[in-house]
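Just below is one structure, and these are the notes that go with it.
In my numbering, the protein residues as written are 9 to 513.
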């Protein structure tokens, strides 16, 4: 206080002068970032080049994918989206940034996704920045997610699919009530994950509601991470504040839910009542085989990740597919015709049968393309020594990223009608074009950090889509209405309200 009084006693140090000095320092800081070597020539909004507040508020709009698409249409393949962040829309950059052994690690944004257990952060395969830790988590269980193991999980999916259709029949087809199909697709995805991970449904279909507020908790987590992740240092002041967490150590709802499931499994094992070979059993086996490398924290990270990401991504893709089929009757008729052309289909439709349906495959690919679950930048840090990306050099430490929503609308790859739903593009393309389309498909990420559960998601989609369409006649309850979109890093939809009429097959 005394020092302040002495400074202010000098005529030149008036509050107005001090404010000008402070503003001058801020301007110097902004100019330093604006004209940073290596990024000064990359076009983009001026505000984005001097402060991360631009991307922060863009994320907070819950529709940043539209702005990013517009920015690339205006500025080209490279857009400066932050003082040290470049958004890239060139499909060829996927092979440079996201393939194995390229050295690009995840940016600090992903630390915001760490869940808390008793005040301590738990990393998962999705959010860890440490590549060695990621390998230590992925290697012991990667076989459990391999395509060769899908047949092992099919009975779990069948069980839940049968119950799903019976609940829809009971509550909607038999009553004529309007069904929020979008919500029920998420209930279904959650209960499938429960079957695969814990050998039991989690109760969403049984109760016809969000169990223990898990869905709401995950939504809030993505709302938080999608915005705060644009300025990750805020997380240390807010959710992961070490001082607050020391006196009041929190456990996130997802971690608490997972810990309860793990505790129940341990009690069953102590009684000698072992369950099937589900994913949790495989995780525990990996821990027993090498307890030093595979710790309880690994198990919690695996199981939490299954719960956290396993339902939303599948539900978003299923919503996208049904919405666009219902908005495009021609596509719906083609798919219904294909399904009905197969005689003697199993009940539920088997994985092997569904994989023989080319138009179904085209519809799934188109749903993943036109509405990818992750619709923000998948950020990576340029490694030591810098890297050349599509003819432009980026220095080490620069953050670069590609938004699946943007790159999967590239007209050079997907055609002039890339903004439109048209599954036929996947069937009409020649071999070279189709391979390029597949390489650009980015809904599950790429390289060693691609979503480990994508095969499980495919299994669910290939089986439940024909099952629902052969069981029910589905129509929009309010055809004139559009759905509501909310992009909080994953691009959720609401308002998929339908009427269901029972079919016979």
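Beta carbons are placed, not taken as given, at the ideal position from N, Cα and C, and that holds for glycine.
Sub-8 Å separation of residue i and residue j beta-carbons
i, j, result
"residue 137", "residue 119", "yes"
"residue 71", "residue 495", "yes"
"residue 234", "residue 502", "no"
"residue 374", "residue 413", "no"
"residue 155", "residue 145", "no"
"residue 286", "residue 207", "yes"
"residue 94", "residue 140", "no"
"residue 385", "residue 477", "no"
"residue 291", "residue 311", "yes"
"residue 504", "residue 188", "yes"
"residue 408", "residue 397", "yes"
"residue 449", "residue 376", "yes"
"residue 130", "residue 297", "no"
"residue 73", "residue 383", "yes"
"residue 417", "residue 404", "no"
"residue 395", "residue 186", "no"
"residue 475", "residue 357", "yes"
Chain B within 8 Å of residue i, Cβ atoms only
i, result
"residue 411", "Among the protein chains of the structure shown there is no chain B, as only one such chain exists."
Cutoff 8 Å; reference residue i; Cβ partners in own chain excluding five residues on either side
i, result
"residue 114", "135, 136, 137, 387, 388, 389 and 457"
"residue 218", "212 and 224"
"residue 359", "158, 159, 162, 467, 470 and 471"
"residue 314", "201, 204, 205, 287 and 461"
"residue 79", "52, 53, 87, 89 and 95"
"residue 55", "61 and 62"
"residue 181", "480, 508, 509 and 510"
Residue i classed as buried or exposed, judged by whether at least 16 other C-beta atoms fall within 10 angstroms
i, result
"residue 166", "buried"
"residue 365", "buried"
"residue 183", "exposed"
"residue 49", "exposed"
"residue 238", "buried"
"residue 352", "exposed"
"residue 355", "exposed"
"residue 272", "exposed"
"residue 209", "buried"
"residue 88", "buried"
"residue 112", "buried"
"residue 402", "buried"
"residue 168", "buried"
"residue 392", "exposed"
"residue 424", "exposed"
"residue 99", "buried"
"residue 277", "exposed"
CA nearest to the CA of residue i, picked from the options
i, options, result
"residue 346", "363, 335 and 133", "363"
"residue 213", "417, 308, 171 and 332", "171"
"residue 117", "208, 242 and 276", "242"
"residue 452", "324, 222 and 356", "324"
"residue 464", "204, 221 and 342", "204"
"residue 429", "410, 462, 328 and 411", "328"
"residue 82", "97, 221, 69 and 186", "97"
"residue 438", "79, 421, 317 and 449", "421"
"residue 148", "101, 391 and 299", "299"
"residue 444", "419, 153 and 306", "419"
"residue 101", "410, 296 and 226", "410"
"residue 473", "395, 240 and 330", "330"
"residue 151", "181, 294, 99 and 199", "294"
Residues near residue i by beta carbon distance below 6 Å, same chain, minus five either side
i, result
"residue 106", "454 and 455"
Beta-carbon contacts of residue i that lie in its chain and below 7 Å, excluding the five residues immediately before and after
i, result
"residue 431", "339, 367, 370, 371 and 374"
"residue 177", "510"
"residue 381", "320, 321, 324, 325, 451, 498 and 499"
"residue 361", "350, 353 and 354"
"residue 481", "509 and 511"
"residue 342", "367"
"residue 236", "120, 242, 243 and 246"
Proximity test, residue i beta-carbon vs the ligand SAM heavy atom, cut-off 7 Å
i, result
"residue 103", "The ligand content of the structure shown is nil, which means the ligand SAM is not present either."
| message | For the region 244 to 264 against the region 125 to 141, do three or more pairs of beta-carbon atoms, one drawn from each stretch, fall closer than 8 Å, so that the two count as touching? | response | yes
ask   = Quick check: the region 241 to 257 against the region 193 to 204, are there 3 or more CB pairs under 8 Å?
value = Fewer than three beta-carbon pairs drawn from the region 241 to 257 and the region 193 to 204 are found closer than 8 Å, and the two stretches are therefore not classed as touching.
- request: Taking 8 Å as the threshold, find out whether the region 471 to 487 comes into contact with the region 63 to 79 through three or more Cβ pairs.
  value: No contact exists between the region 471 to 487 and the region 63 to 79.
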